[in-house]
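Colleague: Sequential numbering of the sequence shown, starting at 462, is according to my numbering.
Even glycine gets a Cβ: it sits at the ideal position worked out from N, Cα and C.
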Amino acid sequence: MNRPIFEQPTEREFLLAQLSPDDRRRVRGFMRENRATAPDAILMLGIGRPDASGIASDVEVTGDEREFMLSQLSSHERTSVERALISNALGRASGL
């Protein structure tokens, strides 16, 4: 299984401190379950900085970036994440 790129604890805590308590719990859970770094977990969960309207903006990830992040996961983890991404995309499309 691929291991995530090393991350300094101070970097991780800084990123987590920027999140709401609910998002922080989601990211920590994702990190624990998938052995992911905080930045990867934030990207994969689709957590973005709030815009002026207070609604979280979408995080723009290129195909190469997404493929790299997915390559860090086991095949089972990758399948789970891909299903979540598809479900998230379908949820956004139906909410339009």
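1) Is it right to say A550 is buried, meaning 16 or more other beta carbons lie within 10 angstroms of its own, or is it exposed?
2) Between the C-alpha atoms of I508 and L480, what's the straight-line distance to the nearest angstrom?
3) Here's a check: name, in chain order, each residue in its chain whose Cβ is nearer than 7 angstroms to the Cβ of E538, leaving out the five neighbours to either side.
4) With H, G and I counted as helix, E and B as strand and the rest as coil, what does DSSP make of S541?
5) Could you give the DSSP three-state label for G507: helix, strand or coil?
Modeller: Taking the coordinates as given:
1) exposed
2) 9 angstroms
3) N495
4) helix
5) coil
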